[in-house]
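Numbering (the working numbering), first residue to last: 107 to 525. Cβ atoms here follow ideal geometry from the backbone N, Cα and C, with glycine treated the same way. First the structure, in the form of structure tokens, and then the observations on it.
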């Protein structure tokens, strides 16, 4: 008897038939979240909402973000975002840097050295210019405490700016800015941990070191597992918080340690495994882009514009010092440090990047709000007007840095193509 054609119930699936697949849509969300232009737009919208909200209903804005929670480590709503959720942001950044360092464009030591050393130059230049401008204006000791505010570069804003410029930016420039921004973010948070931690508990610091040592062991013995890193992340955060050290550092430390080279064993029904770093990065990037950073902006950029901020000498000094440090200090510090390390042979410029590109990118690195605001709230604790002044200075500095830096980068790219 001839065999009958398969019925619809038993027919093999048509590989060309397009069906709704949850993994396809989750992958789409991840691709959108990892587009830096999208991150920059989302952050910009959050800043505008916070600014309008605070200036139309300052009381409701304060009630939402200053709402007490009663926990010792997380006393109010804003601290949940600044201390807990921002750890996830640094975890996502650490995952990306760890991947680039282990098997990406930063694997070459000479290429990786340039952004790291340039980051230190940018931090030093920004802090120095802030202090010089503040002292020249006759600022008091309280204003001088904010020297660390302009040091850090904002990863999301800076890479978002480069993404908006499109193919007019050399690919090597994006990697350079990514590594530089991450390096000085981590270093700035480390400086913040040192200067703002007046009562460090040595026992908990040592315990946090033990957790990092355990991470080294897990990385070697269990390179295919992703879930232990989430447990280590929570433990490290809690120990650093109890130690009196900036707990967001836990995200960067643990994220960089997650292995990216060894794929996990394939799951049932799948063709190939996924490395732990890739798995965690797939989840953390959209969370960071669409939840953590927008919430941070909403909670911290709602500055109320009042005449007092511009009439008072201390507040005005903070605004001017921050803007000068972000524009002049960052650009000069990064460019000079890069020139020195390239000249002595420690590092080398990425391909297709000129010194004009470097100067434009260094100016773009003056964009930043997230980590600088963490420093501002710690440095000006007890001086709310100075915190508001720092917010204004950072917003102005970000806009000016984008205008100047993008102009220089686009001009040089057109000139290079013409040649």
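Bounding residues of the alpha helix (DSSP H) (the contiguous stretch that carries residue i)
i           : result
residue 471 : Looking at the DSSP string, residue 471 is not in any alpha helix (DSSP H), and its letter there is neither H nor E.
residue 308 : 308-327
residue 333 : 333-349
residue 391 : 382-393
residue 181 : No alpha helix (DSSP H) contains residue 181, which DSSP labels as neither H nor E.
residue 171 : 164-171
residue 457 : Taken as a continuous stretch (DSSP letters only), residue 457 belongs to no alpha helix (DSSP H), as it is neither H nor E.
residue 356 : 355-363
residue 402 : 399-406
residue 483 : 476-485
residue 188 : Careful: residue 188 lies outside any alpha helix (DSSP H) and carries neither H nor E.
residue 432 : No alpha helix (DSSP H) contains residue 432, which DSSP labels as neither H nor E.
residue 417 : 413-417
residue 257 : It is not in any alpha helix (DSSP H) - residue 257 carries neither H nor E in the DSSP assignment.
residue 330 : Run containing residue 330: none; DSSP gives neither H nor E here.
residue 238 : 215-242
residue 249 : 247-250
Cβ distance (whole Å) where residue i is taken to contact residue j below 8 angstroms
i           : j           : result
residue 480 : residue 156 : No, residue 480 and residue 156 are not in contact; Cβ-Cβ is about 16 angstroms, not under 8 angstroms.
residue 296 : residue 355 : 7 angstroms
residue 83  : residue 267 : Not covered by the structure: residue 83. The range shown for the chain is 107 to 525.
residue 182 : residue 175 : 6 angstroms
residue 422 : residue 507 : Not confirmed; about 20 angstroms, so no contact.
residue 258 : residue 514 : Residue 258 to residue 514, Cβ: 21 angstroms. No contact.
residue 201 : residue 364 : 6 angstroms
residue 247 : residue 420 : Their Cβ separation, rounded to whole angstroms, is 10 angstroms, which puts residue 247 and residue 420 out of contact at 8 angstroms.
residue 402 : residue 187 : 5 angstroms
Beta-carbon proximity list for residue i, same chain, < 6 angstroms, skipping 5 on both sides
i           : result
residue 492 : 424, 486
residue 341 : 317
residue 376 : At residue 376 the pLDDT is 43, less than 50, meaning the model places this residue with poor confidence; the figure from the coordinates comes in the next sentence. If we look at residue 376 and ignore the five residues flanking it on each side, it has no Cβ neighbours.
residue 148 : 400
residue 511 : 466, 469, 470
residue 256 : 232, 236, 428, 431, 432
residue 453 : 216, 219, 220, 447
residue 287 : 259, 261, 264
residue 177 : none
residue 160 : 167, 408, 410
Cut-off 7 angstroms between Cβ atoms - residues of its own chain near residue i, not counting five sequence neighbours on either side
i           : result
residue 498 : 409, 415, 425
residue 366 : 204, 205, 208, 209, 381, 383, 384
residue 278 : 456, 457, 458, 459
residue 349 : 306, 307, 310, 311, 314
residue 271 : 512, 515, 516
residue 462 : 514, 518
residue 164 : 410
residue 225 : 286, 289, 290, 293
Short CB-CB distance (under 8 angstroms) between residue i and chain B
i           : result
residue 362 : Given the protein chain composition of this structure (a single chain), no chain B is represented.
Sequence-distant residues of its chain with Cβ nearer than 8 angstroms to residue i (five each side left out)
i           : result
residue 347 : 179, 189, 353
residue 413 : none
residue 193 : 339, 343, 353, 354, 356, 357
residue 442 : 227, 231
residue 222 : 285, 286, 289
Status (buried if at least 16 other CB within 10 Å, exposed otherwise) for residue i
i           : result
residue 214 : exposed
residue 394 : buried
residue 435 : buried
residue 321 : buried
Residue i CB to nearest heavy atom of the ligand NAP below 7 angstroms
i           : result
residue 409 : As far as ligands go, the structure on display features none, and thus does not contain the ligand NAP.
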